[in-house]
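In my numbering, the protein residues as written are 12 to 400.
A short write-up of the structure that comes next.
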């Protein structure tokens with residue numbers, strides 16, 4: 012288990028009383044909730060013991076489980092169960108191509124934290140530990156679970172590290188268009204905005220149960236960013252593009268044995284196309300393909316010139332080579348696809364069926380050149396897992 016290692020940061024940011032709900036309160040009546048929770052708990056614990064080579068849930072543990080749920084309406088996971096459940100949630104994440112490494116996920120148990128300032132400090136620790144000087148470490152930080160008929164802890168940001176999006180008076184957008192609404196919402200909480208660059212770090216918004224949301228600014232020195240250059244095009248560095256090294260998903264709900272953890276930020280490492288083909292390449296994001304194509308001297312008047320295809324490949328070359336030259340862990344889409352096929356084989360050998368969303372597993376460029384393109388997958392919900400909320 013990790014211990015806090017960072018110096019204290021000022022967490023006294025001002026916030027307005029703007030409210031949004033946390034997680035949707037669990038709708039079941041007490042009896043139905045207890046029955047449902049017991050079913051989910053027994054299912055999870057049976058799998059927990061089975062995969063450790065044990066015959067089933069010990070009778071003493073089963074009796075304790077019944078007693079806990081009957082008298083309190085819930086039960087608690089010990090650290091071993093929490094770790095196992097979090098790793099299974101990654102293994103069952105049908106949209107993730109990087110699941111070969113599911114069993115390496117490190118788990119930080121922060122369920123005891125009750126204040127937004129404490130949660131924020133734990134998030135800063137997560138960023139530092141997971142970044143690991145560029146040697147990205149798969150990590151999840153788990154905060155207190157949602158209680159019945161109560162909202163849970165919520166982090167508004169979809170990722171801990173995000174760039175602001177500002178709509179300009181002429182209608183153009185400075186920064187990341189994906190985050191215009193979040194940027195405006197944080198401004199309503201009292202944030203004055205960043206320096207006005209295309210890559211201003213957004214504050215993290217934390218909402219504790221039945222409390223107004225608060226925003227906290229991330230110290231820039233804590234965020235490792237990679238400036239992008241190209242091995243064959245010296246002009247590429249002059250575009251001023253960069254991206255952060257660490258992708259920490261922070262707004263999903265993790266469910267383990269019927270217990271909902273509404274705040275459980277987790278990360279692996281980037282696949283290059285997430286940055287080069289989507290974040291920087293998408294028309295509705297940074298839309299850099301026309302800029303790169305013109306700099307390459309390509310004819311952008313006709314799509315038949317395939318200028319988009321040529322530009323997106325070079326943008327992805329720049330991402331991969333830049334991360335490599337700065338010592339930051341990243342995987343290309345061909346390697347990730349091959350690793351997923353290896354993971355598929357491991358699951359088959361273990362007698363487990365693999366759920367996968369083909370549309371998410373196949374990379375956004377050069378799909379037919381990867382092995383996952385030619386495989387048919389069935390998508391279904393398996394728990395433990397991560398869910399949108």
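The C-beta atom is built at its ideal place from N, Cα and C for all residues, glycine as well.
Problem set entry | Contact under 8 Å by Cβ, residue 295 with residue 252 | No; because the gap between Cβ atoms is not below 8 Å, this pair is not in contact.
For this session: Helix, strand or coil for residue 189, going by three-state DSSP, please let me know.
Result: It is helical.
For this session: Can you grab the Cα-Cα spacing for the pair residue 420 / residue 262, in whole Å?
Result: The structure shown has nothing for residue 420, since the chain only spans 12 to 400.
Problem set entry | Neighbour-count burial assignment, residue 1, 16 or more Cβ in a 10 Å radius | Because residue 1 is not part of the residues shown, which for the chain are 12 to 400, the question remains open.
Exercise. Is the beta carbon of residue 371 sitting closer than 8 Å to the one on residue 71?
Worked result: No, the Cβ-Cβ distance between residue 371 and residue 71 is not below 8 Å.
For this session: Taking residue 264 as the reference, give the member of 212, 188, 350 and 400 with the closest Cα.
Result: Of 212, 188, 350 and 400, the smallest CA-CA separation from residue 264 is found for 400.
Exercise. Going by beta carbon distance, what residues of the same chain come within less than 8 Å of residue 58, once the five residues before and after it are set aside?
Worked result: Cβ within range, chain order: 99.
Problem set entry | residue 225 versus residue 86: straight-line alpha-carbon distance, rounded | One C-alpha to the other measures close to 29 Å.
Exercise. Can you check whether the CB of residue 175 is closer than 8 Å to the CB of residue 201?
Worked result: Judged by beta-carbon spacing, residue 175 lies beyond the 8 Å limit of residue 201, meaning their Cβ atoms are not closer than that value.
Problem set entry | Contacting residues, own chain, Cβ-Cβ under 6 Å from residue 103 (five flanking each side not counted) | Only 393 and 396 meet the Cβ criterion.
Problem set entry | Where residue 282 sits in the DSSP three-state scheme | Here residue 282 sits in strand by DSSP.
For this session: With a cut-off of 8 Å on the beta carbons, I'd call residue 96 and residue 55 a contact; round off their distance for me.
Result: For residue 96 against residue 55, the beta-carbon gap comes to about 7 Å, under 8 Å, which counts as contact.
Exercise. For residue 35, which residues from the same chain have a beta carbon less than 7 Å from its beta carbon, with the 5 sequence-adjacent residues on both sides left out?
Worked result: The predicted model places residue 35 with a pLDDT of 42, which falls under 50 and marks its position as unreliable; any figure quoted below should be read in that light. Contacts found: none.
Problem set entry | Status (buried if at least 16 other CB within 10 Å, exposed otherwise) for residue 91 | Under this definition residue 91 is an exposed residue.
Exercise. Beta carbon of residue 45, beta carbon of residue 80: below 8 Å?
Worked result: Yes, the Cβ-Cβ distance between residue 45 and residue 80 is below 8 Å.
For this session: Could you please give the first and the last residue of the uninterrupted alpha helix (DSSP H) stretch that includes residue 255?
Result: For residue 255, no alpha helix (DSSP H) encloses it; the enclosing beta strand (DSSP E) starts and ends at 253-255.
Problem set entry | Alpha-carbon to alpha-carbon, residue 181 and residue 33 | Note that residue 33 scores 37 on pLDDT, short of 50, meaning its location in the model is unreliable; the coordinates nonetheless yield the value given after this. Residue 33 and residue 181: Cα-Cα distance of roughly 35 Å.
Exercise. Per DSSP, what kind of secondary structure is residue 40 in: helix, strand or coil?
Worked result: Three-state result, residue 40: coil.
Exercise. Going straight from the alpha carbon of residue 178 to that of residue 210, what length do you get?
Worked result: Taken atom to atom, the span from the alpha-carbon of residue 178 to that of residue 210 is near 14 Å.
Problem set entry | Buried or exposed by the 16-neighbour rule on C-beta atoms within 10 Å, applied to residue 187 | Residue 187 should be labelled buried.
Problem set entry | Alpha-carbon spacing of residue 154 relative to residue 291, whole angstroms | For residue 154 and residue 291, the distance between alpha carbons rounds to 32 Å.
Problem set entry | With 16 other Cβ atoms within 10 Å as the buried cut-off, status of residue 66 | It is exposed - the Cβ of residue 66 has fewer than 16 other Cβ atoms within 10 Å.
For this session: Report the partner residues of residue 89 according to the DSSP bridge assignment.
Result: Paired residue(s): none; residue 89 is not in a bridge.
Problem set entry | Exposed unless 16 or more other CB atoms sit within 10 angstroms - verdict on residue 360 | Exposed is the label assigned to residue 360, since fewer than 16 other Cβ atoms lie within 10 Å of its Cβ.
Exercise. Just to confirm, are residue 330 and residue 283 a CB contact at a threshold of 8 Å?
Worked result: Between residue 330 and residue 283, the C-beta spacing is below 8 Å.
Exercise. Cα-Cα, which of 369, 389 and 398 is closest to residue 108?
Worked result: Among 369, 389 and 398, the Cα nearest to that of residue 108 is on 369.
Exercise. Does the distance from the CB of residue 277 to the CB of residue 191 come in under 8 Å?
Worked result: No, the pair does not count as a contact, with Cβ atoms beyond the cut-off.
Exercise. Just checking my contact of residue 324 with residue 237 at CB under 8 Å: how many whole Å lie between their CB atoms?
Worked result: Contact between residue 324 and residue 237 does not hold, since the beta-carbon distance rounds to 19 Å and is not under 8 Å.
For this session: May I ask which residues mark the beginning and end of the alpha helix (DSSP H) holding residue 334?
Result: Looking at the DSSP string, the run of the alpha helix (DSSP H) that includes residue 334 is 318-336.
Exercise. How would you label residue 144, buried or exposed, when you count the other beta carbons within 10 angstroms and need 16 or more for buried?
Worked result: That one is exposed.
Problem set entry | Runs of alpha helix (DSSP H) lying entirely within the segment 181-233, each at least 4 residues, in chain order | Fully enclosed alpha helix (DSSP H) runs of 4 or longer: 191-199.
Exercise. Taking just the CA atoms, how far does residue 126 sit from residue 75?
Worked result: Each residue's alpha carbon lies about 30 Å from the other.
Problem set entry | Proximity to residue 243 [Cα-Cα], best of 140, 52 and 326 | Closest by alpha carbon: 326.
Exercise. Rounded C-beta distance between residue 374 and residue 344? I'm assuming under 8 Å.
Worked result: Between residue 344 and residue 374 the Cβ distance is about 4 Å, and since that is below 8 Å, they are a contact.
Problem set entry | Through-space distance from residue 270 to residue 48, alpha-carbon basis | A straight-line Cα-Cα distance of about 8 Å links residue 48 and residue 270.
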